[in-house]
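Okay, so here's the structure we're looking at.
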Amino acid sequence: MFKLSIKVFFAVLFFFVVHSSFAQQAAQAPAIVGRVIDSVTRKPLDFITVSVFNDAGVALASGYTNAGGAYKLSVKKAGKIRIVYSFVGYAEQELTVLLTQQQILNIKDIKLSPDVKNLDEVQILAAKKLLVQRPGMLIYNAGNDPSNKGGTAADVLRKAPVLSVDARGNVSMRGSGNIKILVDGKYSGQMARSPADALNMMPADVIQSVEVITTPSAKYDAEGAAGVINIITKKGNKQFSGSLEAAVSNWEQVLNPRIAVANKKWNINANAHLHRLRMKSVNDYQRVNMDGGSTTSVLDQHIVEENVAPHGSASVTVDYAADSLNQISFGVTSWFGNWPDNSRLNSKVTLPNGEVAEMYNQVINSQGKYLGADINIGYTHKFKKPGQEVTLLAQMSPSRDNSRYNSNQTSTDNALLYRELNNSLTNNREWTFQADYLQPIGNSNKYSFEGGAKVISRKVSNNYNVAGSSESQPDVLEPIADRTNIFDYKQDVVAGYMIFKFNFPGNWYAETGARVEGTFLKGDFISGGNSFSKNFTNIVPTATVSKKLSDAQTLSLSYTKRLTRPYIWDLNPNANASDPKNIVTGNPQLDPEMAHQAELSYSISLNSGLSFNPAIFWKQTNNSIEDITTVGADGISVTSKQNLAANRQFGLNMSASIPINKKWGFNTNINVTKLDFKSTVLQIISNGWGSEFNVNTTYKLPRNLSLQAFGTYNTRTITLQGYETRNYYYTFAAKKEITAQKITLTLATINPFTKAVQQTEVVRSSSFYGSSLNREYNQTIKLTVGWEFGKLFKQTESKKIQNDDVKGQAKG
-16 MFKLSIKVFF
-6 AVLFFFVVHS
4 SFAQQAAQAP
14 AIVGRVIDSV
24 TRKPLDFITV
34 SVFNDAGVAL
44 ASGYTNAGGA
54 YKLSVKKAGK
64 IRIVYSFVGY
74 AEQELTVLLT
84 QQQILNIKDI
94 KLSPDVKNLD
104 EVQILAAKKL
114 LVQRPGMLIY
124 NAGNDPSNKG
134 GTAADVLRKA
144 PVLSVDARGN
154 VSMRGSGNIK
164 ILVDGKYSGQ
174 MARSPADALN
184 MMPADVIQSV
194 EVITTPSAKY
204 DAEGAAGVIN
214 IITKKGNKQF
224 SGSLEAAVSN
234 WEQVLNPRIA
244 VANKKWNINA
254 NAHLHRLRMK
264 SVNDYQRVNM
274 DGGSTTSVLD
284 QHIVEENVAP
294 HGSASVTVDY
304 AADSLNQISF
314 GVTSWFGNWP
324 DNSRLNSKVT
334 LPNGEVAEMY
344 NQVINSQGKY
354 LGADINIGYT
364 HKFKKPGQEV
374 TLLAQMSPSR
384 DNSRYNSNQT
394 STDNALLYRE
404 LNNSLTNNRE
414 WTFQADYLQP
424 IGNSNKYSFE
434 GGAKVISRKV
444 SNNYNVAGSS
454 ESQPDVLEPI
464 ADRTNIFDYK
474 QDVVAGYMIF
484 KFNFPGNWYA
494 ETGARVEGTF
504 LKGDFISGGN
514 SFSKNFTNIV
524 PTATVSKKLS
534 DAQTLSLSYT
544 KRLTRPYIWD
554 LNPNANASDP
564 KNIVTGNPQL
574 DPEMAHQAEL
584 SYSISLNSGL
594 SFNPAIFWKQ
604 TNNSIEDITT
614 VGADGISVTS
624 KQNLAANRQF
634 GLNMSASIPI
644 NKKWGFNTNI
654 NVTKLDFKST
664 VLQIISNGWG
674 SEFNVNTTYK
684 LPRNLSLQAF
694 GTYNTRTITL
704 QGYETRNYYY
714 TFAAKKEITA
724 QKITLTLATI
734 NPFTKAVQQT
744 EVVRSSSFYG
754 SSLNREYNQT
764 IKLTVGWEFG
774 KLFKQTESKK
784 IQNDDVKGQA
794 KG
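In the numbering used here, the protein residues as written are -16 to 795.
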């Protein structure tokens, strides 16, 4: 299968190369061509208005830049012309040139600067909006938010629109956790392994912006039913630059060094993250087990979890520009650490007559050691025609997880009752090959084609063995044969996509495309000879239509189809029985889920800094992957993922940026969602409304001082088998900048008036009713010291692999 995938990959690549060679021979007409980029980030700018006038001020042509920042305008009459580039939030720029008859004039990159409002002899203040809306996505400019100093990526995502992040770092988008998280547009094995852990390992200081892509185009892997999150990291803008950040609090200690070196051809960036995180939670759980509506037993548990997780990561990227048309990139990202899950548990089982049938204590010692890396190399060739380019990318992602738990169960008088040891070693090898091609169509540059091919090959092996004791010899461990095995899993994905983009008269823009993905799954259990295999093909259409009502207002309508594939932790039958009354296991028969979603959005952005971005959305999933809990006659619950339900949701999300004056401003996000779950097999109908509100405000004081406050509040969330009650999170921070030494001091407090945030989760069916009251302890005071150094240089950017097709594992 993999050989066939490679053949398909190179066949599609050959088509792009041949197509590009013919494209070079297209007929030419009098026109101007070029590209517009941001002077600070060096990123291409789309929807920039490009107007052409003659000496008398008569308009000769007008148009907009495309997604790659490129434009091409046919000019009615040759001669001396004046070109004007304009967009809300940027300073207008003019250029006068001489255009001869039958000439295509290639204009060098136009660098637009953010609109400057305040100037003095030593400082230029160019405030960039925190929230920006584009068709199908919202962008949170985290690098311009002073409150992110000393935090993690989880803290940053809490402030991003549409997203929700719980106390453990689990991320959801509009009520769904089936999302894909990319870093600089590329797949991250660290994020795929456990998004919650990975977000807590990434320092907020390296994040420039967060792209919340609610309706991804066909360019993105179809995986991620709810959407895609793309975390853009900072790229140095100096010849030799760097920073050193250290943070100390009662819950964590952090050290973040970062350095960048560059000249005209080379650009090298390196950063590291060392983090010691302490976590504590207390949970009171009660489950009433029933038969025919009558209570058979009641389980009461008190669980205390207190852990210290030392971990870290490091990244190096190297970009080499051989010339203005060719660039080579290389990058390595590694991660390592231990994420334990130690707990102390007290359990009691009571019969309906009040008799205590069972009572015991349990100590569970666990480890979660891991080591992994992403190694990628890429090549980009830009043709002389603006906007035309081809990119080749390859990535290898090896990783290793070594987890285990040792459980000791004792009576109330401390006599040993039972022991269990579970060892699990997982090795993963992953290869990715990708090609992308961009081609402007026609002489006007108003239309463009984008296409690509991708091959992913994953091989995962999980060697697990379980040993337990007997009632007669509770201190002697013996292997448990039916819970010991080697699970080999292979997943190959072959994909291709095409997108056509159109800039129509009247400020209309349309984008339509489709992605075809073939998936080939195979799983083998070495002991017992059991195996399974599944092959399926998915066609994923996408479409976007937008109307630019004015320079400040845009209306967009988008549709896409998404899927979520199960990964090894969803399929692996190695049961986690550390709590013998509540077992969690995988499901080898799990199928991928498919979702249809649409969005209607509106955006207005004024020169005053005021912006408002509302959107109405709808999503339908007919075979959704949901956690299903069942309780047997023995009173033991088993939780696994199943395709036994459908869900539908629709709602409204609004994001706004409100400047009060030059010193004070607000940013706010509101999400309101109606969730409907239905399972014919389980005879469950669950529905209800949920909402989330957050606000972020900053006030600038004299002498480089600033104050910041942030708060988020979630109301009840509906699930298939129950609901989760409200939760909240709030912070206050004060920042002092010592400009001469380039030192920043930030003092922050998290939940200062709340020792522990409480949340109740209810899971129920006709055979049980379970309620869990969880208390997360994160009352924090934190001091962060940052030092920056370096001299100015120009930064280039390279494309990266983006395997957004793996479903992340939630941290619970």
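Virtual Cβ for every residue (Gly too), placed ideally from N, Cα, C. Note that the structure is predicted; figures quoted are calculated from it, not measured.
Alpha-carbon spacing of Gly314 relative to Asp465, whole angstroms: 43 Å
Bounding residues of the beta strand (DSSP E) (the contiguous stretch that carries Arg261): Trp249 to Asp274
C-alpha gap between Gln536 and Ala639, whole angstroms: 14 Å
Helix, strand or coil at Trp322 [DSSP, three-state]: coil
Secondary structure of Leu399, DSSP reduced to three states: strand
Which residues DSSP lists as bridging Asp475, in chain order: Ser440 and Phe503
Anticipated Cβ contact below 8 Å, Phe485 with Tyr542, distance rounded: Their Cβ separation, rounded to whole angstroms, is 16 Å, which puts Phe485 and Tyr542 out of contact at 8 Å.
Outcome for Arg327 when other beta-carbon atoms lying within 10 angstroms are tallied against a minimum of 16: exposed
Between the CA atoms of Ala143 and Leu684 - distance to the nearest angstrom: 25 Å
Candidates Leu227, Val193, Val339 and Lys657: closest to Gly773 by CA position: Leu227
Whole beta strand (DSSP E) elements within the stretch 330 to 367, 3-residue minimum: 339 to 365
For Ile805, the three-state DSSP class (helix, strand or coil): The chain is shown from -16 up to 795; residue 805 falls before or after that span and cannot be answered.
Counted within 10 angstroms of its Cβ, other Cβ atoms place Asn630 as buried (16 or more) or exposed: buried
Counted within 10 angstroms of its Cβ, other Cβ atoms place Trp552 as buried (16 or more) or exposed: buried
Coarse secondary structure for Met174, derived from DSSP in three states: helix
Residues of its chain near Trp491, where Cβ-Cβ distance is below 6 Å and the 5 sequence neighbours each way are ignored: Lys530
8 Å Cβ cutoff met for Tyr696 and Phe676: yes
Residues bridged to Asp419 (per DSSP): Thr374 and Gly435
7 Å Cβ shell around Ser407 - same chain, five flanking residues per side excluded: Ser386, Arg387, Asn445, Tyr447 and Asn557
Stretch-stretch touch, CB-based, cutoff 8 Å, three pairs: the stretch 180 to 195 with the stretch 293 to 301: yes
Proximity to Leu546 [Cα-Cα], best of Asn272, Val211 and His256: Val211
Top-ranked residue by Cα proximity to Thr395, from Gln345, Thr300 and Leu121: Gln345
Close Cβ partners of Ala581 (< 6 Å) along its chain, the five nearest in sequence each way excluded: Tyr542 and Trp601
Sequence-distant residues of its chain with Cβ nearer than 7 Å to Leu238 (five each side left out): Ala229 and Leu257
C-alpha gap between Ser317 and Ala255, whole angstroms: 9 Å
3-residue-minimum beta strand (DSSP E) runs that sit fully inside the stretch 645 to 695, ordered along the chain: 647 to 662 and 667 to 684
Leu146 burial status per 10 Å Cβ neighbour count (16 or more: buried): buried
Cβ-Cβ separation, Ile611 to Ser623 (assumed contact under 8 Å), whole Å: 6 Å
Buried/exposed call for Val41, threshold 16 Cβ in 10 Å: exposed
Option nearest Gly434 by Cα separation, candidates Tyr711, Tyr420 and Ser440: Tyr420
Neighbour-count burial assignment, Gln456, 16 or more Cβ in a 10 Å radius: exposed
Runs of beta strand (DSSP E) lying entirely within the stretch 735 to 772, each at least 3 residues, in chain order: 739 to 748 and 751 to 760
CA nearest to the CA of Gly673, picked from Phe693, Thr708 and Leu690: Thr708
Beta-carbon proximity check, Thr329 vs Gln284, cutoff 8 Å: For the record, residue 329 in the displayed sequence is Asn; it is not Thr. In this structure, Gln284 lies closer than 8 Å to Asn329 by Cβ.
Length-filtered (3 minimum) beta strand (DSSP E) runs lying within the stretch 563 to 589: 565 to 567 and 576 to 588
Given 8 Å, three or more beta-carbon pairs between the stretch 116 to 130 and the stretch 58 to 73: no
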